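Asks: Chains A and B are the protein sequences, given in the same order.
Counting from 1 along the first sequence, just add 1341 to a position and that's the residue number in this note's numbering.
Counting from 1 along the second sequence, just add 1341 to a position and that's the residue number in this note's numbering.
Yeah, the Cβ is synthetic: ideal placement off N, Cα and C, and Gly gets one too.
Nothing here was measured: the structure is a model prediction, and the numbers come from that model.
Number of protein chains: 2
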Amino acid sequence: MASQSINRKYVFLFSEYDAILAQFDQDWDAVRGLLGGKGANLLDATRLGIPVPPGFTITTDACNDYLATEQTFPDGLWEQNLEAIKMLESLTGKRFGDIENPLLLSCRSGAKFSMPGMMDTILNIGLNDNITARLAARTAMPRFAYDLYRRLVHMFGHVVMDVPEELFEAVITDQRRESGVSSDAELDATAWQAVIARFKEIISRHTGREFPGEPIEQLRLATEAVFRSWNGKRAFDYREAAGIDHRLGTAVSIQTMAFGNVGEDSATGVFMSRNATTGEPVLEGDYLINAQGEDVVAGTRATLPIAQLKTDMPEMFSQLQAIARRLEQHHRNMQDMEFTIEQGKLWLLQTRDGKRTAQAEVRIAVDMVHEELITREEAVARVQPDQVDFFLHPQLDPAALENNQAIARGLNVSPGAAVGVIAFDPDLAVRWAKEEGRDVILVRPETRPDDVHGMLAAKGVVTSKGGRTSHAALVARQFGKPAVVGVEEIEIDLDRHLMRVGPDRVIEEGDFLSIDGNHGLIYHAKLPTVVPDIRNPYLLKILSWADDIRKLGVWTNADYAEDAQRARDYGAEGIGLCRTEHMFFEEGRLQIMQGMILAGTPEEQAEAIALLMPMQRSDFEGLFRAMDGLPVIIRLLDPPLHEFLPPANDLSMEITDLKLRQQQLSSQEEAEQVLEEIEVKRKMLERVELLHEANPMLGTRGVRLGITIPGLYRMQVEAIFDAACRCAADGIDVRPEVMIPLVSHVNEFDVMVGPLRKAAEKIMTKHGMEIPHLFGTMIEIPRAALTAGEIAGSAEFFSFGTNDLTQTTYGISRDDAETGFLVHYLQTRLLQDNPFTSIDPDGVGRLMQMAINEGREARPDLEIGVCGEHGGDPKSIHLCHQLGVNYVSCSPFRVPIARLTAAHAAMKTD
Amino acid sequence: MASQSINRKYVFLFSEYDAILAQFDQDWDAVRGLLGGKGANLLDATRLGIPVPPGFTITTDACNDYLATEQTFPDGLWEQNLEAIKMLESLTGKRFGDIENPLLLSCRSGAKFSMPGMMDTILNIGLNDNITARLAARTAMPRFAYDLYRRLVHMFGHVVMDVPEELFEAVITDQRRESGVSSDAELDATAWQAVIARFKEIISRHTGREFPGEPIEQLRLATEAVFRSWNGKRAFDYREAAGIDHRLGTAVSIQTMAFGNVGEDSATGVFMSRNATTGEPVLEGDYLINAQGEDVVAGTRATLPIAQLKTDMPEMFSQLQAIARRLEQHHRNMQDMEFTIEQGKLWLLQTRDGKRTAQAEVRIAVDMVHEELITREEAVARVQPDQVDFFLHPQLDPAALENNQAIARGLNVSPGAAVGVIAFDPDLAVRWAKEEGRDVILVRPETRPDDVHGMLAAKGVVTSKGGRTSHAALVARQFGKPAVVGVEEIEIDLDRHLMRVGPDRVIEEGDFLSIDGNHGLIYHAKLPTVVPDIRNPYLLKILSWADDIRKLGVWTNADYAEDAQRARDYGAEGIGLCRTEHMFFEEGRLQIMQGMILAGTPEEQAEAIALLMPMQRSDFEGLFRAMDGLPVIIRLLDPPLHEFLPPANDLSMEITDLKLRQQQLSSQEEAEQVLEEIEVKRKMLERVELLHEANPMLGTRGVRLGITIPGLYRMQVEAIFDAACRCAADGIDVRPEVMIPLVSHVNEFDVMVGPLRKAAEKIMTKHGMEIPHLFGTMIEIPRAALTAGEIAGSAEFFSFGTNDLTQTTYGISRDDAETGFLVHYLQTRLLQDNPFTSIDPDGVGRLMQMAINEGREARPDLEIGVCGEHGGDPKSIHLCHQLGVNYVSCSPFRVPIARLTAAHAAMKTD
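1. Could you tell me the alpha carbon to alpha carbon distance between B:A1409 and B:G1573, rounded to whole angstroms?
2. List the residues of chain D that A:Q2148 touches, going by C-beta distances under 7 Å, in chain order.
3. Going by DSSP, what residue range makes up the beta strand (DSSP E) through A:R1449?
4. Flag B:H1794 as yes if its beta-carbon sits less than 8 Å from any beta-carbon of chain A, otherwise no.
5. Answer with yes or no whether the minimum CB distance from A:G2095 to chain B is below 8 Å.
6. On the DSSP letters alone, give me the boundaries of the alpha helix (DSSP H) that A:Q1412 sits inside.
7. Rounding to the nearest angstrom, what Cα-Cα distance links A:A2136 and B:P1756 in this structure?
8. Given a threshold of 16 other Cβ atoms within 10 Å of its Cβ, counted over all protein chains shown, does A:R1837 qualify as buried or as exposed?
9. With 8 Å as the threshold, decide whether the Cβ of B:S1993 is near any Cβ in chain A.
10. Between the region 2183 to 2206 of chain B and chain A, which residues of the former have a C-beta closer than 8 Å to a C-beta of the latter?
11. Report the CB separation of B:N2227 from B:E2195 in whole angstroms; it is logged as a contact under 8 Å.
12. Indicate the three-state DSSP secondary structure (helix, strand or coil) for A:D1998 in the structure shown.
13. From the DSSP output, in three-state form, read off A:E1683 for me.
14. Between B:P1415, B:G1380, B:S1356, B:H2211, which lies nearest to B:G1390 when the distance is taken from Cα to Cα?
15. At a CB-CB cut-off below 9 Å, which residues of chain A make contact with B:L2083?
16. Would A:K1350 pass as an interface residue toward chain B - the criterion being a Cβ-Cβ separation below 8 Å?
17. Considering only the beta carbon of each residue, do A:I1426 and A:L1445 sit closer than 8 Å?
18. May I ask which residues mark the beginning and end of the alpha helix (DSSP H) holding B:R1388?
19. For a minimum of 3 consecutive residues, which ranges assigned as the beta strand (DSSP E) are wholly contained in the region 1613 to 1663 of chain A?
20. Can you find at least 3 beta carbon pairs, one from the region 1734 to 1746 of chain A and one from the region 1851 to 1868 of chain A, that sit closer than 8 Å?
21. In chain order, which alpha helix (DSSP H) runs of at least 4 residues are fully inside the region 2179 to 2236 of chain A?
22. Under 8 Å by Cβ, that's how I've got B:R2045 and B:L2083 pegged, so tell me the actual separation to the nearest angstrom.
23. Would you say A:M1342 lies against chain B (beta-carbon separation less than 8 Å)?
24. Give the DSSP bridge partners of A:E1718, in chain order.
25. At the level of alpha carbons, what is the spacing between A:W1773 and A:L1752?
26. Pick helix, strand or coil for A:T2041, following the three-state DSSP scheme.
27. In three-state DSSP terms, what is B:Y1487?
28. Could you list the residues in the region 1813 to 1831 of chain B with a C-beta less than 9 Å from some C-beta on chain A, going in chain order?
29. Could you give the uninterrupted runs of the beta strand (DSSP E) lying entirely in the region 1722 to 1782 of chain A, keeping only those of 3 residues or more?
30. What does a CB cutoff of less than 6 Å around B:R1841 pick up in its chain, not counting 5 residues either side in sequence?
31. Using alpha carbons as the reference points, say which of A:S1885, A:H1923, A:M1937, A:Q1935 lies closest to A:A1913.
32. When DSSP labels each residue in this structure, what does A:L2172 get in the three-state scheme?
33. Taking Cβ positions, are A:A1758 and A:L1783 nearer each other than 8 Å?
34. Alpha carbon to alpha carbon, how far is B:H1865 from B:P1844? Give it in angstroms, no decimals.
35. Would you say B:T2242 faces chain A, with C-beta separation under 8 Å as the test?
36. To the nearest angstrom, how far is it from the Cα of A:A1452 to the Cα of A:F1568?
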């Protein structure tokens, strides 16, 4: 990158588009690489015939050569620069450094990718004391002239000469007081002259150098400052974090100044080609008559809505409309633009793709398809999964935001809105949430594993320290809690149970706080929230297009009929996982389940199992009716039995309590009753201790349990088929698929499935019906994946249980790791992704690929799905598409995201 | 198998060897298939010119055809039978059924594989009332004649006609009483005539049929009985269990009787070609002058040692020697033979490969190599791993066994001997063993998971029920406890704390019992035990030959210098696994370790770690000195920290106790001291609770711990290299290899190994030395195997931790499963092998193969070993050889077995 050539062209005029496009063979990406995004866009707009103030761009090559040669301009650069200025002089009829008719320039950095931490803009280059005085006299607008000059000295002093900004601000504040005015707009030419004098003193004192009066020197120093800012700490850190190549370098764009502040026929403004909030196809923006660009943003004067310009300057407005249309058609995207009107002449200063809300993104994408600007595929590609997510999380009510100001901003690490009372202590958060039913926001300097219970109890989390991979950020995202971290403006005083924001505001524990996890904002108020409607017609359109594109099926994990219904509404094409154990925890059932576990004889056990049968049947009936015509995968009981009994500690305590009570009772009868109760608890405790396992994750569960208590799975299968036959009798199209979990050896499946098939046949024969069905298994143990060919000889479908498969493949207990070493691994970037969030492609993904290939070889029509939580994660969905699974199954709320992502995956590989 | 042919030859004379060998092209295996083992051996001996009583064999085809056609003789069989008898008549000059010179025959079953449950021998076929009377008169030996006849009626009645044996025995007992004698030998011809009459009555009464007087009818019925016995229940069950094909069928051998009981020039005996206990190359056996074969076995008369025959009948003895030599040369194995001398003529009745002790096996194999009978490879192949095992387990002292009779026999499910007092209750076993230090034998009807603590506390285990895969058998083998199960003769009365053996013997709890797990015998006595010497010169020879053959290295798992020394003596070629954590549990170190865990600040922690350093260093010095010139793999700390702290329950109890004590103390000073103690325990409890993990197997251990507390591994590496340099300074050839455990992602290894390499360099620089060394990792997590190519980019060696790899690959917690569902799986044969005993080839083995291939691809000189317990298991060693690992590492005691098995594996595949 450091090679130099005497003949090398380092400077391109905006009007030299033909040369540069020919050089790069119309490759805009390469053009942006050389000229930076800003330079390329201005050249492009010039090419389109849009009025852009004349200018030129110094290439990124120049920057790289400058940095590689210990900060000397490469040969030819300065000469080409001067040449380009000459061209501007001839185009504008002004001369750079001329006292009568001075050419003024702006200087801006612009790398290939937009990047914070780079040097800011410097305006009005070309002014000095003499030129300013002459300009003031000549135009009879002294205030205008000195206002331009003070801005130059201020910006140059700060940006190029590294004088702290506060020093300049203080001068202006002083001057306002001195002049007895409250706003900068009221300061006149004399006042600004005084300010300029003091600015120069500050620069001289602070840097030991004078503000350069020579325009050409100003330009040289500004250019060098832009070059150097490429290696500034903030820019460097940003590139590190964002993975941007450090060798790209930055370009510098030099542009003729246009002035919106030369009278009532001048104006300046910013506007979007469409509404950035709603996506409506109308111009949206603000402007000021007789003002400079900064003034619109600063908010010192009340701006006018862009629609007003239609009345004020109808010709100008219609030119803006034409420009917006032209640029949208060219960029095929909504544009965010800056303009200046100088004495009735419209100049476009900048254009770029506009930022917008999720709603706007979706609507604009759909509208642009209808306007034939983009294809359906492009529309689908443009909407990102987290934008769909927006429609599913509560958001702060936009209406309320108009009257409320955020008190601080931090990092938006976990989306959604949360509103509640502040608790500074996790235990307090738990108490308020659990015992008093209050919505709580947990606020901590930072969080540690010990605080997780408080985070779980809270509606949202705020920390004053930490970054995107801090413990708080990771855990909050993990559990879907809206969170804002690293809010440096708040200062938490845990001892006094309060926090300070700025010098004045004190916020106490128990005060209401509202947080906006999407934007990293916090509000000292109890704001209303709204849940955006997933039934947004534009979103539905995008999703329906996504459905046409994707290859991957999207199913859902649902245990109850209402969940199934919701998922179906969201577009789920089947149930990939119904966890039957949840049904056993319900009121009235848990006791029966416990009875089964505590049964002394096989007969007692069988009796308890029989009691559960009609309950299970009615559960399944609900699911089948909701999923009429779609497949329903039901997983037979999976968790270890001890989960259905109280913990040993609780039982010990209860027994102790009962014993104490018994001693205090006088009535013989009551005492005996208590004794009986003690006996029951004792028996339970004994069983709990017997069922205790050192590593329950690797213990007696799934098919291992099924083999130990064969009556249990048989009952479940009977309930499934009895329910299926009853529904079928009502005309429902029932498609049950029975899933046997935790198989690690084909023999486990074979031993289990034989009797289960017989039980199913028996029920169907009883009803005189034949229900189409499958018997299959979860692949959630490495050995199952490694012997998938054998297993597929018996099993009719596979469903990857990627959570457990990750635990065993990685040898990580998720419960332990995610409050322990895994957090450390993610914080130190030892691991890029949490393997429980996104499927690990090299380990787990490789096992999946083996299982898919060998399973399909053994059984070509093998149905293969993924039912772990990964099923709703975009990265994992991409992987699943590549691996060639038939469908992913995710929670109902993730279904729309999965549909969209599956389409993205299909477009990426096709 | 059921096809018949008129021309088929069903009967072969022993002398028709040329025909049959031609037919089967010298394939003895095929000959044995047709004639059975016994028939083939007799034909073969005849071929060798050894005097075998003339006879013939009815083929297994005949049997199969008979069984396939509802028990009718196939066409031609009977005619061929009669023809063969004619040949015998012409060879012997006697006639079957002739009253003057009767031919007497024996009839024996004989399948391809020796099989209990088949029909026994019937002798003396061809006698009836008349023939016997004439024989008595003609030979003037009436007792001889009637003795033969009563044996025929007895055997025929029992074996062919299904009369219970006891009925016959009772008659003889009565007769002895009646005759006033105490042994059968004293009964005269008249007495036997009375017995025969009663036998016939019993047969008639019991079966409704008469004992057949016609010799040819006797032969027909006996032949059919042999055929039918193939499908008898015991034979069928045996074949099921042993995996023998049910379609093989049995042959029947019909042979001329030779009589050792016709005078002082007659004799009968059994002998081995070498000593079956020691392997010495001298004839060994017993004989009786003037007796029948049974008498030698029955023990009713005192037998003479075979050496005595040299004096009694020198010519006969020298013939026996010649026959033994001839047969040994022919079979290239030690022979077990039966002979009869009939009036000065020697007949060989049977020969087969002799059973022998492990010592004898080893010595005979070595001697036969020196005698040039077999090659070294054959000698090595002949010795089995469990025979080497014999040299390592205590055995009952053979001298003591001469004076003690076993009281019962069961299944020999776990080898070795154990001596101790009987406990019928597992809790009692624990109390006696732990509190009173007594050696205990746990005796139970059968064992359950609840009894495991008792089994662990006991020296040996006996059960009256259960088979080879019963819970007791599995657990005993697992933990290396000698065990005899399924001892049906003992009847346990748990209520009265005693057991009965037979009608008379009562054995009480607390009595001494000795058990011989090798042979499944139990003795009601406290017998001395001996440990056979591994330094047996014949074994050493076999092992040195094995070393020449094997490709696989054999290393050892050793944590202490003395273990390392022992393993080296046994032939270990390196240490494959030194578990450093064991060093931390030693006296004086555990407290420091706990101090490190409880440290409040990083400084306190570092201080504690520094204290451990010199201790570790001296541990390593010992190992390096013992393994001078051999590699030593040291695994850095692996277990989770909570293992170094007491269990939470214990701490709670201790705190409670201390509180009670504190309240009772009057002295202020003492009370304060106790308070301090409470504080320490409280802190410990708090940390134990913090360190608690739901699944510690998948938790914060190995490299995860190393990353969390980097100072710990650094200290260990410093200790390793400091020790290495000190040893090297003394001229020791030190080859340390540092192993980082539980890696699942290459980044874990990389993050850890960088600083460790630097620490090692620093120490070596300090000493001014360069120690050759490697840094590598364990492959014990599926993901490590799946990404082995990446990991081998950084790691210089792999060591498969097959125990943990099995746990994670199978998703099985070993601790839980082996007292739970895994026992059930093995009992029901859902799994053929316990995957923790023998490496699962399809799952774990497949992962290993992937890791080996991809690891070597990335690093061709990658050193790959196996350090799980599987390293000492023969099946696993075969697999490891196939997979191409460089070495297996096993416990010192398993090293000789591994050396032998590795040679077997090499011979199998080469």
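Replies: Taking the structure as given:
1. Distance between the alpha carbons of B:A1409 and B:G1573: 15 Å.
2. The chain labelled as chain D is not found among the protein chains of the depicted structure, namely A and B.
3. Start and end: 1446 to 1452.
4. Chain A, which has no Cβ nearer than 8 Å to the Cβ of B:H1794, makes this no.
5. Closer than 8 Å: no.
6. It is not in any alpha helix (DSSP H) - A:Q1412 carries neither H nor E in the DSSP assignment.
7. For A:A2136 and B:P1756, the distance between alpha carbons rounds to 41 Å.
8. Classification for A:R1837: exposed.
9. No - not a single Cβ of chain A is within 8 Å of the one on B:S1993.
10. From the region 2183 to 2206 of chain B, only D2183, G2184, V2185, R2187, L2188 have a Cβ closer than 8 Å to chain A.
11. With 8 Å as the limit, B:N2227 and B:E2195 do not qualify as a contact, their Cβ atoms being about 16 Å apart.
12. Three-state DSSP puts A:D1998 in a helix.
13. A:E1683 falls in the strand class under three-state DSSP.
14. That would be B:S1356, whose Cα lies nearest to the Cα of B:G1390.
15. Within chain A, the residues near B:L2083 are G2152.
16. Judged by the 8 Å Cβ criterion, A:K1350 is not in contact with chain B.
17. At least 8 Å separates the beta-carbon of A:I1426 from that of A:L1445.
18. In the DSSP assignment, B:R1388 falls within the alpha helix (DSSP H) that extends over 1369 to 1388.
19. You should have 1625 to 1630.
20. Taking 8 Å as the limit for Cβ pairs, the verdict is that the region 1851 to 1868 of chain A does touch the region 1734 to 1746 of chain A.
21. Listed in chain order, they are 2185 to 2199, 2215 to 2224.
22. At roughly 6 Å, the Cβ-Cβ gap stays under 8 Å, so B:R2045 and B:L2083 are in contact.
23. Only weak support is given to the placement of A:M1342: the predicted model assigns it a pLDDT of 40, under 50, and the value that follows is read from those uncertain coordinates. It does not: the Cβ of A:M1342 has no partner Cβ on chain B nearer than 8 Å.
24. Partner(s): none; A:E1718 has no beta bridge.
25. Roughly 26 Å separates the two Cα atoms.
26. DSSP places A:T2041 in coil when its eight states are reduced to three.
27. Collapsing the DSSP output to three states places B:Y1487 in a helix.
28. Those residues of the region 1813 to 1831 of chain B that come within reach of chain A (Cβ to Cβ, closer than 9 Å) do not exist; the list is empty.
29. Counting whole runs of 3 or more residues, the region 1722 to 1782 of chain A contains the beta strand (DSSP E) stretches 1752 to 1755, 1758 to 1764.
30. Answer for B:R1841: E1832, V1847, listed in chain order.
31. For A:A1913, the nearest C-alpha among the options comes from A:S1885.
32. The DSSP-derived three-state label of A:L2172 is coil.
33. With contacts defined as CB atoms closer than 8 Å, A:A1758 and A:L1783 fail to qualify as a contacting pair.
34. B:P1844 and B:H1865: Cα-Cα distance of roughly 15 Å.
35. Contacts with chain A at 8 Å (Cβ-Cβ) do not include B:T2242.
36. Spanning the two alpha carbons is a distance of roughly 10 Å.
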